[in-house]
Amino acid sequence: MDPKIKQIFLDEHVVEGATRFGVSPEELTFIGGFQNFIYSYTHYELKYILRFTPSTLRTSEGLAAEIEWIRYLSDNGLSVSEPVLSVDGKDFERVQGSKMDFFMTSFKHAPGHKIGYPECLGNSILYEQCGRVTGRLHELAKRYKPMAKRHTWECNEYLLRASNYIPLEHRPILLALDELKAHLAGLPVTADNFGLIHGDINVGNFTVDESGKITLFDFDECQYSWYAEDIAIQLYYLLYVFGEDSKSERKMQYELFIKHFELGYTEDGRKMPDGWKDQLELFLRLREIIVFVGMHRSWDLSRPDDWTRDFLQDSRMRITTGISLINEF
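Here the UniProt record's numbering is used: the first residue of the sequence shown is 1, the next is one more, and so on.
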């Protein structure tokens, strides 16, 4: 979260937001968030999430489109964290502030538990399940006829505002981003490879129940893009944890993920998106830039720990030389 926004967000916003959804502020527990302020609460013994989104990051039209997309997926059998109406029957509420407004949305808490590091690594069953849920999501996206429309990939907030967050010494990152965007703009766009995606599927944004079923949440980054980007994002967060001295482990992880993800995705006769494998390295590079920008936006990097320092150095090298995490093997 941008430190400037953190300073603006006040307890009074929390009180007002809780009231709009019929919750006492004392019932809220802050659980974090990267772009938003996220709270949990319990109502009639059921768990929910209350999300506060700065109006500088999202529009009311974008939020309406996000919630419409989630409801469509739920109505068509995909396990997602469903939105909850406010006391006044609204999908989201807006709290006004002196410097910035905040949108509030509430969702049912996803059942099951998260699978973090390192237990997510080398987990072929999880990778197959990720392929299964991603394939089903893309299948539904091809039939989706929305009333409200989300933005396209090039309007991603991290890409639009990258120059605001990147320090002067990292300006070559912006040049690399411009070159990559130009390359992506030339990719073919068809009904089979481009549509509305989740935009941030990773182990932090889904839970797994006892049967292995995945429930997706946090559709805040949903956008129109190539389906290959949804795949590359998942792969990125499995590979980036390995440093430059662990390339063999990175390769093993890549091969295992691709094999089992594809098995799940193509279940029930589904086909992988056109050109997806050739596009993976492009979207891995794009995700690396987004992560690099996000870290400079939201973290205090004046005294990074050893892992963060090494990662940023390696990441800058890859970005500025135009290689991805899978180009080296």
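Note that CB positions come from ideal geometry on N, CA and C, so glycine has one too. Owing to the predicted nature of the structure, the values given are computational and were not obtained by experimental measurement.
- If you compare the alpha carbons of HIS13, LEU78, GLN279 with that of GLY97, the shortest gap goes to HIS13.
- In the three-state DSSP reduction, PRO83 falls in the strand class (E or B).
- Around the Cβ of TYR144, a 10 Å sphere holds fewer than 16 other Cβ atoms; the residue is exposed.
- With contacts defined as CB atoms closer than 7 angstroms, PHE329 and LYS251 qualify as a contacting pair.
- Rounded to the nearest whole angstrom, the C-alpha separation of ILE214 and HIS113 is 9 angstroms.
- Under the 8 angstroms Cβ criterion, the region 227-237 counts as touching the region 268-286, having at least three qualifying pairs.
- When secondary structure is reduced to three states using DSSP, LEU121 falls in the coil class, being assigned neither helix nor strand.
- Taking 8 angstroms as the upper bound for CB-CB distance, ALA176 and GLY322 are in contact here, some 7 angstroms apart.
- Counting along the chain, no beta strand (DSSP E) covers GLN35, and no H or E run does either.
- In its chain, beyond the 5 residues on either side, ILE31, GLY32, ILE49, ARG51 have a beta carbon closer than 7 angstroms to the beta carbon of ILE38.
- PHE257 and TYR237 have their C-alpha atoms roughly 11 angstroms apart.
- If the five residues before and after ILE70 are omitted, its C-beta is found closer than 7 angstroms to the C-beta atoms of VAL80, GLU82, PRO83, PHE219, all from its own chain and listed in chain order.
- Counting along the chain, the unbroken beta strand (DSSP E) around MET104 starts and ends at 102-108.
- The three-state secondary structure of THR29, taken from DSSP, is strand.
- For ASP91 against ALA110, the beta-carbon gap comes to about 18 angstroms, at or over 8 angstroms, which does not count as contact.
- Nearest Cα to LEU282 within the set SER324, LYS47, GLN223: SER324.
- Contact between ILE166 and LEU160 is ruled out by a C-beta separation of about 13 angstroms, above the 8 angstroms threshold.
- For the pair VAL208 and GLY116, the CB atoms are not nearer than the 7 angstroms cut-off.
- Taking C-alpha positions only, SER246 is separated from GLU61 by approximately 44 angstroms.
- In the structure shown, GLU93 falls within a strand segment according to DSSP collapsed to helix, strand and coil.
- With a threshold of 16 other beta carbon atoms within 10 Å, ALA185 falls short and is exposed.
- In this structure, the CA atom of GLN279 is about 29 angstroms from the CA atom of GLU68.
- A distance below 8 angstroms between beta-carbons, with the five flanking residues on each side excluded, links GLN253 to the following residues of its chain, in chain order: LEU121, GLY122, LEU238, LEU239, PHE242.
- Following the DSSP letters along the chain, one finds PRO54 in no alpha helix (DSSP H) but inside the beta strand (DSSP E) bounded by residues 46-54.
- In the structure shown, VAL208 falls within a strand segment according to DSSP collapsed to helix, strand and coil.
- With respect to LEU57, GLU157 sits close: the two C-beta atoms are nearer than 7 angstroms.
- The residue among MET317, MET104, ARG285 with its C-alpha nearest the C-alpha of GLU244 is MET317.
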